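With positions in the sequence shown counted from 1, the corresponding number in our numbering is that position plus 100. Idealized CB from N, CA, C, for every residue including glycine. Remember, it's a predicted structure, so these values are computed and weren't measured experimentally. Notes follow the structure.
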Amino acid sequence: MLGIEDLRYYDIYPPLVNVNTGVFDLKRSQDITFEALRPFGDEYLSLLDLGLQQNWMHSHPQPGKRSGAYMNGSVYDVHPYVLLNHNDDYESMSTFAHEWGHAVHSLLANANNPYETAGYSTFIAEMASTINEILLQEYMIANAKTREEQLFYLGGALEQIRGTFFRQTMFAEFELAIHQAAERGEPLTGPRLTEIYGELLKRYHGHDIGILTIDDLYTVEWAFIPHFYRDFYVFQYATSISGAAWFAEQFLAGDENVRDAFIRVLSAGGSDYPHNILLNEAGLDMTLPEPYDPILRRMDSLMDRIEALL
Numbered sequence: 101m102l103g104i105e106d107l108r109y110y111d112i113y114p115p116l117v118n119v120n121t122g123v124f125d126l127k128r129s130q131d132i133t134f135e136a137l138r139p140f141g142d143e144y145l146s147l148l149d150l151g152l153q154q155n156w157m158h159s160h161p162q163p164g165k166r167s168g169a170y171m172n173g174s175v176y177d178v179h180p181y182v183l184l185n186h187n188d189d190y191e192s193m194s195t196f197a198h199e200w201g202h203a204v205h206s207l208l209a210n211a212n213n214p215y216e217t218a219g220y221s222t223f224i225a226e227m228a229s230t231i232n233e234i235l236l237q238e239y240m241i242a243n244a245k246t247r248e249e250q251l252f253y254l255g256g257a258l259e260q261i262r263g264t265f266f267r268q269t270m271f272a273e274f275e276l277a278i279h280q281a282a283e284r285g286e287p288l289t290g291p292r293l294t295e296i297y298g299e300l301l302k303r304y305h306g307h308d309i310g311i312l313t314i315d316d317l318y319t320v321e322w323a324f325i326p327h328f329y330r331d332f333y334v335f336q337y338a339t340s341i342s343g344a345a346w347f348a349e350q351f352l353a354g355d356e357n358v359r360d361a362f363i364r365v366l367s368a369g370g371s372d373y374p375h376n377i378l379l380n381e382a383g384l385d386m387t388l389p390e391p392y393d394p395i396l397r398r399m400d401s402l403m404d405r406i407e408a409l410l
């Protein structure tokens with residue numbers, strides 16, 4: 101599709117097609133997100149509607165405002181606040197759905213737990229937000245008006261899996277490798293960090309077997325990734341999108357039983373270890389290989405649907 105013989109690292113970032121998907125202003129983003137999340141049921145949607153009606157959100161960029169997007173639900177007896185920088189595009193709508201997933205999670209957790217156990221883990225928090233993106237993706241694919249629009253949304257969904265499942269796993273493997281090196285007494289110099297990261301980058305992208313060429317310039321990418329300057333946590337993005345895909349697969353198949361299980365997981369807050377909450381409330385055991393199958397089935401499905409359109 102890109103017309104490239106020698107695929108390089110920077111070539112994986114452009115969208116599959118250039119298409120005008122229209123303007124996703126705040127009202128349209130709200131309406132579409134609400135429709136995409138209907139499988140969650142009335143309790144979830146009523147909380148989402150409450151937050152939107154009462155305007156718990158600062159939505160657009162302005163001078164001096166922090167970039168990015170964030171949900172703050174840390175004050176137990178106050179409703180959550182959502183900070184966005186909405187640019188009226190599809191990515192902004194996806195971020196809108198993601199952050200409101202965190203907000204509804206906070207509402208359910210606070211309503212069903214005392215202060216001491218209301219705070220939830222990142223392990224489950226990113227499932228609550230990422231599943232919204234998956235359901236939104238499927239809604240947009242199903243309602244696309246043209247082949248090009250379908251390819252745009254399918255490609256975006258595939259990129260999410262690459263960036264969240266595979267890339268974050270690579271990041272976690274890098275963090276593990278440098279900690280192990282430090283424990284062996286190796287000095288972690290810049291060149292050594294670049295060497296470790298470069299080896300992983302090339303292995304994950306098939307450099308040595310001719311799939312994608314990694315130029316040496318990109319092996320220093322580790323230095324500008326903010327995750328590496330904080331505690332070891334990025335593995336949870338990969339586990340969370342896997343858990344989200346596990347739930348989403350059942351929602352998209354029309355399994356109504358999964359709705360109650362999903363709401364119970366969100367309502368549990370931090371009342372137990374996240375592994376126990378998922379296992380006891382939904383029967384999801386993230387220590388087993390099987391829960392990681394749905395995200396791979398989703399990747400296969402997306403690629404099959406893309407190939408069918410070409």
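Distance, residue j Cα to residue i Cα
i       : j       : result
Glu-411 : Tyr-333 : For residue 411 there is no data in the structure shown, the boundaries of the chain being 101 and 410.
Met-227 : Asp-308 : 34 angstroms
Ala-361 : Gly-122 : 36 angstroms
Thr-294 : Ile-112 : 21 angstroms
Pro-287 : Ala-281 : 8 angstroms
Met-157 : Asp-189 : 18 angstroms
Tyr-297 : Gln-154 : 46 angstroms
Glu-356 : Arg-364 : 14 angstroms
His-375 : Gly-103 : 45 angstroms
Phe-266 : Ser-159 : 30 angstroms
Phe-351 : Arg-166 : 35 angstroms
Asn-50  : Gly-306 : Residue 50 cannot be examined here, being either before or after the span of the chain that is shown, 101 to 410.
Distance CB(residue i)-CB(residue j) smaller than 9 angstroms
i       : j       : result
Tyr-60  : Gln-268 : The first residue shown for the chain is 101 and the last is 410, placing residue 60 beyond what the model contains.
Leu-150 : Met-193 : no
Ala-197 : Ser-129 : yes
Thr-217 : Ser-340 : no
Ile-406 : Leu-116 : yes
Met-171 : Ser-206 : yes
Arg-398 : Ile-261 : yes
Asn-185 : Ala-169 : yes
Any non-hydrogen atom of the ligand ZN closer than 8 angstroms to residue i Cβ
i       : result
Leu-293 : This structure simply doesn't include the ligand ZN, nor any ligand for that matter.
Expected contact under 8 angstroms - CB spacing of residue i and residue j to nearest Å
i       : j       : result
Leu-208 : Leu-312 : Not confirmed; about 42 angstroms, so no contact.
Asn-210 : Tyr-176 : 6 angstroms
Gly-343 : Leu-384 : 6 angstroms
Ala-136 : Tyr-239 : 4 angstroms
Ile-314 : Tyr-109 : 5 angstroms
Strand pairing of residue i, partner residues [DSSP]
i       : result
Leu-183 : His-158, Tyr-170
Arg-108 : Thr-313
Exercise. Between the segment 380 to 396 and the segment 237 to 251, are three or more C-beta pairs nearer than 8 angstroms?
Worked result: No contact exists between the segment 380 to 396 and the segment 237 to 251.
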